[in-house]
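First up is the structure itself, then whatever we jot down about it.
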């Protein structure tokens, strides 16, 4: 394996007077799956959103595949990236949201094609072929012509995953991808994510699904109060948590 | 199940358990509605009122129905009608473009752009349209000529005289469009704000630029919120064009006035104009319905053809 896909160093982030990230350092190895868990408000989603710069950070550095996110280092000074450069960085990073955020005015297939056509400038014909392939991969080829409002939550989330994959990302970020789903729909989304992990995709997953973390995760990171409290192999950490706060948290979610 | 009338299902057995299966009986609901005498009386009074009103209008000799009929298709009236349509469509189109521009400026990060947009809506919503129309018509008194060249009294490349440029039609178009833009700015801004911020984030996460996010994701969804009030504005504009008569804009009301100044058929000509205004607004509301349906795309779990059957006053299963 080469260097880590994601390198996070001493990241701090404030919302007003509240410091939500208080010095986070973390590596996601290429091809690895890192699961981030923690109580709500612990900063885990914010950390994920900083990686593709939906949020800016107040200090620290984040690199994805060797590229510093959001800035260019010239001499000993940082320069803000131009909007076009930021877009180029984001293209390589897929993001799946808790509330799916599919484009409601486009069908499932059009949602998957959108990034290819608009951002990558791929012709509609080629994009349609690639989109159909991806919908097949998430098991929704027969729903291509449906609008998001006509799909179940689990189906919408699978389309959202296909939409991100269409950009051929080197990294996928999952922000509580199953938290907005009815319990019986959770597994179909986790199955798609499991396949994705098995195919070698580098993934950062904020989740409450401890079963998924135990089975698929290479690393488990427990964040509380804006700092990493405990990390390690998910099977070992979940079997024998060392910190009282993680024990208390697991007692509530399991 | 072998329930006798009045006892559907035996105790302890849910009625649905055997639905459609052996012996499940069809129980039609043919209930009798309670009488509503109040509603009947009110309806009778309203019906009488309408018939009486219609009667007094139809038999009234002062209304000169023959004159109305004669002038309805008069060449001058139809010419005025055409000017009204042109003024409405053009000023709405320019107004919408100005409104989108002002709304995007209003939501921009630059305080200068926000300020410029706020100033625009503040001024043009704050002064009467009538005053604006008269002002544009007399703009030559303030700026006798317009030119392209170096700003602040530098040399000019081309120059036009205001008196040649400002006809009643261009003055009307300027006044109506710029005024409309100020109102459309607020409508567009509300539409853009109604789009879930998550939509913007999802588009940005795909790597779209600000312009792509706006054009591909935000505006199409904002249109759903923008179109109904825009339809209202359009219908309102059809009638607002009549204000142009103060600068002799040659639209429907102006030509009607010109005709009655000659033949003294004041009421008849006003009715001719009103009939045409009603025809225009009716056609516009039908058009609005179809445009709205186009932008409702994707916002319902059920396809339109199914939803039509669910609507209480729909076309039924036809």
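Protein chains in written order, with our numbering: chain Z, 456 to 709; chain W, 4 to 321. Beta carbons: idealized from backbone N, C-alpha and C, even for Gly.
What residue range does the beta strand (DSSP E) around residue i cover?
i                      : result
residue 550 of chain Z : 548-551
residue 626 of chain Z : 626-630
residue 663 of chain Z : Residue 663 of chain Z -> no beta strand (DSSP E), and no H or E assigned at all.
residue 517 of chain Z : 514-519
residue 676 of chain Z : 674-679
residue 708 of chain Z : Here residue 708 of chain Z belongs to no beta strand (DSSP E); instead the alpha helix (DSSP H) covers 699-708.
residue 687 of chain Z : 682-687
residue 500 of chain Z : Residue 500 of chain Z -> not in any beta strand (DSSP E); alpha helix (DSSP H) instead, spanning 499-506.
residue 120 of chain W : Element bounds for residue 120 of chain W: not the beta strand (DSSP E) but the alpha helix (DSSP H), 114-129.
residue 528 of chain Z : 526-529
residue 574 of chain Z : From DSSP, residue 574 of chain Z is part of no beta strand (DSSP E); its letter is neither H nor E.
How would you label residue i, buried or exposed, when you count the other beta carbons within 10 angstroms and need 16 or more for buried?
i                      : result
residue 197 of chain W : exposed
residue 550 of chain Z : buried
residue 566 of chain Z : buried
residue 139 of chain W : buried
residue 16 of chain W  : With a pLDDT of only 47 at residue 16 of chain W, under the threshold of 50, the placement of this residue in the model should not be trusted; the figure read from the coordinates follows. Burial call: exposed.
residue 598 of chain Z : buried
residue 293 of chain W : exposed
residue 279 of chain W : buried
residue 698 of chain Z : exposed
residue 514 of chain Z : exposed
residue 87 of chain W  : buried
residue 14 of chain W  : Confidence at residue 14 of chain W is low in this model, with a pLDDT of 48, below 50, so its placement is unreliable and the value that follows should be read with caution. The residue in question, residue 14 of chain W, is exposed, as its Cβ has fewer than 16 Cβ neighbours within 10 Å.
residue 459 of chain Z : buried
residue 584 of chain Z : exposed
Could you give the DSSP three-state label for residue i: helix, strand or coil?
i                      : result
residue 580 of chain Z : helix
residue 211 of chain W : coil
residue 654 of chain Z : coil
residue 484 of chain Z : strand
residue 106 of chain W : helix
residue 321 of chain W : Reliability fails at residue 321 of chain W, whose pLDDT of 34 lies under 50, so the model's placement of it is uncertain and the value that follows must be treated cautiously. Coil.
residue 607 of chain Z : coil
residue 248 of chain W : helix
residue 2 of chain W   : Only positions 4 to 321 of chain W appear in this structure, which leaves residue 2 of chain W out of reach.
residue 293 of chain W : helix
residue 299 of chain W : coil
residue 201 of chain W : helix
residue 148 of chain W : strand
residue 470 of chain Z : strand
residue 15 of chain W  : A caution first: residue 15 of chain W carries a pLDDT of 47, below 50, which makes its placement in the model too unreliable to give a value.
residue 195 of chain W : helix
residue 53 of chain W  : helix
residue 495 of chain Z : coil
residue 478 of chain Z : strand
residue 623 of chain Z : coil
residue 99 of chain W  : helix
residue 456 of chain Z : Model confidence at residue 456 of chain Z stands at a pLDDT of 48, short of 50, so the residue's coordinates are unreliable and nothing is read from them.
Terminal residues of the continuous alpha helix (DSSP H) containing residue i?
i                      : result
residue 232 of chain W : 222-243
residue 135 of chain W : 132-140
residue 168 of chain W : 165-168
residue 75 of chain W  : 68-75
residue 36 of chain W  : Here residue 36 of chain W belongs to no alpha helix (DSSP H), and DSSP marks it neither H nor E.
With respect to 8 Å, is the separation between the Cβ of residue i and the closest non-hydrogen atom of the ligand FMN below this value?
i                      : result
residue 295 of chain W : As far as ligands go, the structure on display features none, and thus does not contain the ligand FMN.
Pairing CB atoms from the region 524-534 of chain Z with CB atoms from the region 606-620 of chain Z, are three or more of them under 8 Å? no
The region 557-578 of chain Z: which residues have C-beta closer than 8 Å to a C-beta of chain W, in chain order? 557, 558, 559, 560, 561, 562, 569, 570, 573, 574
Would you check if the region 239-255 of chain W and the region 165-184 of chain W touch, i.e. whether three or more CB-CB distances between them fall below 8 Å? yes
Below 7 Å between beta carbons is the criterion; list the residues of the region 213-244 of chain W that meet it against any residue of chain Z, in chain order. 213, 215, 219, 220, 223, 224
Should the region 158-174 of chain W be regarded as contacting the region 252-264 of chain W, the criterion being three or more beta carbon pairs within less than 8 Å? yes
Any 3 or more C-beta pairs closer than 8 Å across the region 621-630 of chain Z and the region 502-512 of chain Z: yes
Using Cβ-Cβ distances below 8 Å, what residues of the region 39-72 of chain W are close to chain Z? none
Against chain W, which members of the region 485-510 of chain Z pass a CB distance test of less than 7 Å? 507, 509
Pairing CB atoms from the region 660-667 of chain Z with CB atoms from the region 476-495 of chain Z, are three or more of them under 8 Å? yes
Is the region 197-208 of chain W touching the region 177-189 of chain W, taking contact as three or more C-beta pairs under 8 Å? no
Inter-stretch contact at 8 Å, needing at least 3 Cβ pairs: the region 638-649 of chain Z / the region 555-562 of chain Z: no
Contact the region 509-518 of chain Z vs the region 463-476 of chain Z: 3+ CB pairs below 8 Å: yes
Using 8 Å as the cut-off, can you tell me whether the region 539-546 of chain Z makes contact with the region 580-590 of chain Z, which would need three or more C-beta pairs spanning the two stretches below that distance? no
Where the region 535-547 of chain Z meets chain W: residues whose CB sits under 9 Å from a CB there: 538, 539, 541, 542, 543, 544, 545, 546, 547
Is it the case that the region 265-281 of chain W contacts the region 54-68 of chain W, given that we only count it when at least three CB pairs across the two stretches are under 8 Å? yes
Closer than 8 Å, Cβ to any Cβ of chain W: which residues of the region 585-608 of chain Z, in chain order? 602, 603, 604, 605
Do three or more CB pairs link the region 226-240 of chain W to the region 53-63 of chain W at distances below 8 Å? no
Which of the residues in the region 176-203 of chain W, read from start to end, lie with their CB under 8 Å from any CB of chain Z? 199, 201, 202
Is there contact between the region 682-702 of chain Z and the region 644-659 of chain Z, where contact requires at least three CB pairs shorter than 8 Å? no
Name the residues in the region 254-267 of chain W whose C-beta lies less than 8 Å from a C-beta of chain Z; which are they? none
With a cut-off of 8 Å, do at least 3 Cβ pairs link the region 157-166 of chain W to the region 182-191 of chain W? no
To be precise: take each residue of the region 616-627 of chain Z, compare its Cβ to all Cβ atoms of chain W, and keep it if any distance is under 8 Å. Which residues remain? 618, 619, 622
Could you tell me whether the region 470-486 of chain Z touches the region 663-681 of chain Z, where touching means 3 or more Cβ pairs closer than 8 Å? yes
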